[in-house]
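J.: If you scroll down you'll find the structure; I have some questions about it.
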Amino acid sequence: MGQGTMMVDSPMGRRPVDRDGPPLGVVRMDPRRSYAGIGALLQRYLNDSDGRAWEAIKARIDYTFEMADLALAPLAAATRLREELVSRVAKGQKLLFKPNLVWPTVIDPQTRGPDRGSTVCTEWAFVAALMRWFHDRLGIRYPQMAVGEAATAIPSVAAQYTALHGGSGPITPEAVIEGRSGDFYGGWGFYFARKYLAESGGAAPGDDPMAGHAESVAGIHIPPGHAHDRLMVYDLNRIFDDPGKGRRVPVPDGVNFPSITLHKAIVGGAPGDAGDLSAYPGCVLVNVPKLKVHAIALFTNAIKNLGIGLYPMQASERGHPEWEYSTPHNDTPGMKAGVPHAIWVADSELGTGLPRRDRHGTYVARRTGGLTATMIDIIQAVKSQGIFMVHVVDGIEAINLEHTGLLPGTKEPEGLVVAGLDPVATDLLCARYLFSNVSLEEAMASGVEDGHGGCFPQRVPLPTVKGGAIVTEAAYDCPLARDASLRQAEERGLGERRYHVLGRDAVGQSPLVSLDGHLGTARDGRFADLVTSTLYFDAFKMPWDMQRTAFGYLESVDALAGSSLRKQFLETFDEDGDGVVTYDEFGKTGILGPLLHLGGEALSRTGTEPFGYLSGPFQAGTTMLRCTEAAWNRSGHDLLRDYFRGRAILVAYRMSQLDAESPDGLLPGLVWGRGKWPSFQLAWHMYLGLTLYGLRFPGAVDFPSLYGLAFRYADLSQNGGRHTGGIRSRPDPGSLDRYVAAVLARREEALDFTVHVPTGYERIGGRPVPNVQATADAGQIWTASFLGGRERWGVAI
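Using my numbering, you'd call the opening residue of the sequence shown number 31 and step up by one each time.
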C-alpha cells in the first residue's frame, strides 16, 4: 500500500493517516545526543583549552545535522524547496537565518559559562547543523548565507558588554551575535558555529564560513549583494545610522500599520532601483524559532519570531532617537513598546509610562488589532516583497515557564525539529504538541475541542473545596482554544490550519505521521501518538494559560473567605462577558503598555548606567508593585492589581505541591501543602515576600530579590564588592546571609542603604532585616535610598 493511502489502527479505529494540507517535516531525536550541555563543554574549552570538550561539541552538532536531515529531506521531496532555493541563490539572494535571540547572553562574558540567555535562545549549535545541511545537501556555499536578528535586548547588551570589556573599541551588536570579539567572549556564539563549519569541510577557497567574522564584529556593514565571499552577520535593528539600509514597505491589508520600515537585507532594495537591488537583492528567509512559552502570546514560534523579531529597534525618519517601534527614545532602546502588544493600547505618560487619565479619572486607551495584527502585518509586508520563507523550529529542548531568561525558564527535552513552508501549519502542530499532555484516546474521550478542528486537551490541576480545604483534582483545559491568532493568520492568507506530517522518529526507529492532527508513529500498521509529559505554561500569565486552574482557585478561596476575586478578575479582563478570558483580552486600560515601558527603561539602563543592571530591574519591579495597590502610590493607581494576582496564584500552586502540610495562618482552619492550596491572602503575602527577599522567604534572604539588588549596589558602590564579589551574573550566594548575621550581631557596620517596605515585611524568621524600614507613606513605599537619602531608586507616581 502506498504511503499516500497508509492505513493505521488507532483508538479511533482503522484510519488513513493525514495527507491533506501543507507537508511538515518532523524528526524526533535523542536530546541528550544533540546540543544538551554544550554550554558547559564550551566553558571547558575556553577556560581550560580542553580539546576533548570541543570534539564533544562537534560530535553533538554532527548528530543534530544527521537528525535534521530526517525532517528537511522529506520536506524538500514534497515541496519545491530545493528548486526555489537553488534558483534564488543563483540570482544573488542569500539564505538569511533568523534565530530567536530575545536575550542573547548565552555565553557569560566573565565566567564564559552558560548565562541567562542560554535558556531562551535558538541554539547556535542548531543553526550550525542547519547551515551544514543547506551546504552539504543543496550545494549552497557558506558565503551565500547570512545571519540577521533584530532582538529586543541586543542594543542594551552591546552597550553593557562595551562597558564591561573596557577595551579600545566597542562590542558591537554584531559582535554580541558572534559571541567573540578578539579576546572578549560573550553573547550568542555564532563564531563557534563558524568554527564548527570550517572544521567540517567548509573552508575551501570561496567557501570559508570564517570569512565575514572580522567585518561583522567591527560593525562594518557590507550589503548582501556586495558580500560575495563573506558570511555576514546583520544587525537588523540599526537602520537610523544609514537610511540606505532600510525602506518603508506597504502592508497590503495592514491592520495596525499601513506600512513598516524594514531592513533591506530582508526585503531587498527599492523596486525599480537597479543599483539598490544589486546591493540588496532580497533573501531566502530561514526562520529558526525556539519553541517556547510566552508572557503575552499563547507561545512563541514561527509567526512570533518574525512577527515581533523583524521590527527594528532603531528606526527613525526624524534623524534622532525618536524610534518608530521602541522605547525609551535614547541611544539604547530597551523594548519594542511602540508596536501594539494588546488590543487596547494606553495613551502613556512620557515620564512613568503609566496610562493617562481623562478628567473623569478614566484611563485613556485606543483600540488596535492587538499583538496578532502586529505580527501578521510585518509578515505580510515581507511576503509582499516576494520573499521565500522556510521555517525550521528548534524544539529539541523546548522552554517552559518563562521566555526571556528572567526566572529563568526550564529546558524540556522534547527532541523535536519541525520544518515547513507554511508558518500557520507549523505553529498549529507545535502548539498542539506543546499544550496537550494526554494520549489520543484520552483526548477524544474528553470532548475538549481546540478551536481548530481537533481535540487537544491539557490535563491540569483543579483546586476545589472539600471538607473545608482546597484540594487538588484533575481536569482538562485547552489554552489553544482561547487563541485566535492562527485563525486570523489563515484568514489573512499567511497559511492553512491543517497539515500532514512526514518524517522519522529516530528514537523509536519508526516513520512519523499525523492522524487528525496528532503527531505519532506508524509502525506495523499501528498509530502510536507522541505526547509531551510536561505541563507547559508561562509563569507570568497563569490565568490565561492555566485558566481552569486559576479560576478554580479563585472560586475556592471566594467560597471560603467570602471574597469576590474571580468576579473582579473577570470584570477587569473579560470584555465580552462570556466567562472566558482569551489571549486578546488584557483589559481596556492598556496595562501591557506600562509593563513594556518599564521593561524597556530597565533594559536601557543596563547599557547606559554603570550599575543599571541593578537599578533598572529594581525600579521596574517596584513601580509595577506600587500599581497593584492604590495606597502604594500618590496617584491612586491600582491598574495592575488583578494582573498581578495571577502571580499569587502561581505561588499558591507551588505551595500546594510542597511535600508537607502547614497551617495557613491567615484563614483559620485552612492548611496547605500535599495537594492542598493556601488562602489567597497568604499566597499574596508569600508572593510579595519572595519578590522582596528571594526564594528562601520567609526564613532567610537570598538572590535574586529586590532587597538583593539594593544590597549589591550598596556593596559595589560603597564597599568595593567585598561581600558579593565581582561576577555580575553570579553574586556570592552566601553573602546575604553572612551580611545579615554580622550586622545583627554587631560584628559589622551596616551599609548605607534603606529599602522601604509595607508594614509586615520588615522581619525575616523572627528577626529584623538590616537596612529595611516599614512605611505606609505612598511616596516612599517600595523605594530604596542610599547615602543618607542623597540617592533614591524609585519612580515618582
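Beta carbons are placed, not taken as given, at the ideal position from N, Cα and C, and that holds for glycine.
(1) Tell me which same chain residues have a C-beta within less than 7 angstroms of the C-beta of Asp-782, skipping the five on either side of it?
(2) Could you pull the DSSP bridge partners for Asn-317 from this structure?
(3) Using only alpha-carbon positions, find the residue among Ala-569, Arg-752, Pro-728 that is nearest to Ala-678.
(4) Spell out a yes or no on whether the segment 333 to 348 and the segment 252 to 268 are touching, meaning 3 or more CB-CB pairs, one atom from each, closer than 8 angstroms.
(5) Can you list, in chain order, the residues of its chain with a C-beta nearer than 6 angstroms to that of Gln-123? Leave out the 5 residues immediately preceding and following it.
(6) So, is Ser-563 buried or exposed, given that buried needs 16 or more other C-beta atoms within 10 angstroms?
(7) Between Pro-52 and Leu-451, how many whole angstroms is the CB-CB distance? I'm expecting something under 8 angstroms.
(8) Are there 16 or more other CB atoms within 10 angstroms of the CB of Glu-85, so buried, or fewer, so exposed?
(9) Can you give me the C-alpha to C-alpha distance between Val-422 and Gly-523, rounded to a whole angstrom?
(10) Measuring alpha carbon to alpha carbon, tell me which of Asp-689, Pro-798, Glu-779 ends up nearest Val-731.
(11) With a 10 Å radius around its C-beta and 16 neighbouring C-beta atoms as the bar for buried, classify Met-262 as buried or exposed.
(12) Could you say which of Asp-145, Arg-528, Leu-102, Leu-746 lies nearest to Ala-159 if we only look at CA atoms?
(13) Roughly how many whole angstroms lie between the Cα atoms of His-753 and Leu-670?
(14) Ends of the beta strand (DSSP E) at Pro-53?
(15) Based on the DSSP secondary-structure assignment, which residues constitute the bridge partners of Arg-396?
(16) Does the Cβ-Cβ distance between Thr-636 and Gly-642 come in under 7 angstroms?
(17) According to DSSP, is Gln-539 helix, strand or coil?
(18) If you follow the alpha helix (DSSP H) that Ser-476 is part of, which residue opens it and which one closes it?
(19) For Pro-763, does the count of other Cβ atoms within 10 angstroms reach 16, so buried, or fall short, so exposed?
(20) Give me the DSSP bridge partner(s) of Ser-148.
(21) If you compare alpha carbons, which of Phe-418, Leu-431, Ala-188, Asp-60 is closest to Thr-330?
(22) Would you identify the three-state DSSP class for Ser-230, choosing helix, strand or coil?
(23) For Thr-805, which residues of its own chain have a beta-carbon under 8 angstroms away from its beta-carbon, when the five flanking residues on both sides are left out?
(24) Mark His-627 as exposed unless 16 or more other C-beta atoms lie within 10 angstroms of its C-beta, in which case mark it buried.
(25) Cβ of Ala-650 within 7 angstroms of Cβ of Ala-740?
(26) Under the three-state reduction of DSSP, which class applies to Glu-521: helix, strand or coil?
(27) Considering Phe-741, what are the terminal residues of the beta strand (DSSP E) in which it resides?
(28) Inspect the CB distances between the segment 566 to 585 and the segment 501 to 513 and report whether three or more fall short of 8 angstroms.
(29) According to DSSP, is Tyr-583 helix, strand or coil?
(30) Quick one: give me the first and last residue of the beta strand (DSSP E) that Phe-599 is part of.
(31) What's the gap between the Cα of Arg-386 and the Cα of Val-375?
(32) So, at 7 angstroms on beta carbons, what are the nonlocal neighbours of Ser-230 in its own chain, with the 5 sequence-adjacent residues on each side left out?
(33) Quick check on the burial criterion: 16 or more other C-beta atoms within 10 angstroms. Buried or exposed for Gly-756?
(34) The beta strand (DSSP E) spanning Arg-777 covers which residue range?
(35) Please give the ranges of any alpha helix (DSSP H) in the segment 267 to 355, keeping only runs that are unbroken, at least 4 residues long and fully inside the region.
(36) Does the beta-carbon distance from Tyr-644 to Gly-55 come in below 7 angstroms?
T.: Checking against the coordinates, here is how it stands:
(1) Indexing the sequence shown from 1 puts residue 782 at position 752. Same-chain partners within the cutoff: Ala-744, Gln-748, Phe-816, Leu-817, Gly-818.
(2) Residue 317 sits at position 287 when you count from the first residue of the sequence shown. Beta-bridge partners assigned by DSSP to Asn-317: Lys-128, His-421.
(3) Walking along the sequence shown from the start, residue 678 turns up at place 648. Measuring from the Cα of Ala-678, the nearest candidate turns out to be Ala-569.
(4) yes
(5) Position 93 of the sequence shown, counted from the start, is the residue given in the question as residue 123. Within the same chain, Gln-123 has close Cβ partners Pro-311, Gly-312, Cys-313, Val-314.
(6) The residue labelled residue 563 in the question sits at position 533 within the sequence shown. Answer is exposed; the Cβ neighbour count stays below 16.
(7) In the sequence shown, the residue the question calls residue 52 occupies position 22. In the sequence shown, the residue the question calls residue 451 occupies position 421. Yes, Pro-52 and Leu-451 are in contact; Cβ-Cβ is about 7 angstroms, under 8 angstroms.
(8) As a working note, residue 85 is residue 55 in the sequence shown. Exposed: under 16 other Cβ atoms inside 10 Å.
(9) Locating residue 422 in the sequence shown gives position 392, counting from the first residue. Locating residue 523 in the sequence shown gives position 493, counting from the first residue. Computed Cα separation, rounded: 20 angstroms.
(10) In the sequence shown, residue 731 corresponds to position 701, counting from 1. The candidate whose alpha carbon is nearest that of Val-731 is Pro-798.
(11) The sequence position of residue 262 within the sequence shown is 232, counting from 1. Its Cβ being crowded by 16 or more others within 10 Å, Met-262 is buried.
(12) By 1-based counting over the sequence shown, the position of residue 159 is 129. When only C-alpha atoms are compared, the closest one is Leu-102.
(13) For the purposes of this step, residue 753 is taken as residue 723 along the sequence shown, with counting starting at 1. For the purposes of this step, residue 670 is taken as residue 640 along the sequence shown, with counting starting at 1. Cα to Cα, the separation comes out at about 35 angstroms.
(14) The residue labelled residue 53 in the question sits at position 23 within the sequence shown. Counting along the chain, the beta strand (DSSP E) containing Pro-53 begins and ends at 53 to 58.
(15) Taking the sequence shown and counting its residues from 1, one reaches residue 396 at position 366. Answer is Val-375, bridged to Arg-396.
(16) Sequence index remark: in the sequence shown, residue 636 carries index 606 (1-based). Sequence index remark: in the sequence shown, residue 642 carries index 612 (1-based). In contact: Thr-636 and Gly-642 (Cβ atoms closer than 7 angstroms).
(17) Taking the sequence shown and counting its residues from 1, the one referred to as residue 539 is at position 509. Three-state result, Gln-539: coil.
(18) Within the sequence shown, numbered from 1, the residue matching residue 476 stands at position 446. Secondary structure note for Ser-476: its alpha helix (DSSP H) is the uninterrupted segment 470 to 476.
(19) Stepping through the sequence shown from its first residue, residue 763 is reached at position 733. Classification of Pro-763: exposed, given that the 10 Å Cβ count is below 16.
(20) Taking the first residue of the sequence shown as 1, we reach residue 148 at position 118. Paired residue(s): none; Ser-148 is not in a bridge.
(21) For the purposes of this step, residue 330 is taken as the residue at position 300 of the sequence shown. Nearest of Phe-418, Leu-431, Ala-188, Asp-60 to Thr-330, Cα basis: Leu-431.
(22) Numbered from its first residue, the sequence shown carries residue 230 at position 200. It is coil, neither helix nor strand.
(23) Against the sequence shown, residue 805 aligns to sequence position 775. Within the same chain, Thr-805 has close Cβ partners His-786, Val-787, Pro-788, Thr-789, Ile-811.
(24) Position 597 of the sequence shown, counting from 1, holds the residue named residue 627. Looking at its Cβ environment, which holds 16 or more other Cβ atoms inside 10 Å, His-627 is buried.
(25) Sequence index remark: in the sequence shown, residue 650 carries index 620 (1-based). Sequence index remark: in the sequence shown, residue 740 carries index 710 (1-based). Taking 7 angstroms as the Cβ cut-off, Ala-650 and Ala-740 do not qualify as a contacting pair.
(26) Here residue 521 corresponds to residue number 491 of the sequence shown, with the count starting at 1. Helix.
(27) Here the question's residue 741 lines up with position 711 in the sequence shown. Looking at the DSSP string, Phe-741 is not in any beta strand (DSSP E); the run it does join, the alpha helix (DSSP H), is 736 to 749.
(28) Yes, they touch.
(29) Counting from one through the sequence shown, the residue named residue 583 turns up at place 553. The three-state secondary structure of Tyr-583, taken from DSSP, is helix.
(30) Within the sequence shown, numbered from 1, the residue matching residue 599 stands at position 569. Not the beta strand (DSSP E): Phe-599 falls in the alpha helix (DSSP H), residues 595 to 603.
(31) To locate residue 386, count along the sequence shown from 1; it is residue 356. To locate residue 375, count along the sequence shown from 1; it is residue 345. Computed Cα separation, rounded: 11 angstroms.
(32) Indexing the sequence shown from 1 puts residue 230 at position 200. The answer, listed in chain order, is Arg-162.
(33) If you number the sequence shown from 1, residue 756 lands on position 726. Answer is exposed; the Cβ neighbour count stays below 16.
(34) Reading the sequence shown from its first residue, position 747 is the one you call residue 777. Run containing Arg-777: none; DSSP gives neither H nor E here.
(35) 294 to 297, 304 to 309, 332 to 337
(36) Here residue 644 refers to the residue found at position 614 when the sequence shown is read from its first residue. Here residue 55 refers to the residue found at position 25 when the sequence shown is read from its first residue. A quick correction: the sequence has Leu, not Tyr, at residue 644. No; because the gap between Cβ atoms is not below 7 angstroms, this pair is not in contact.
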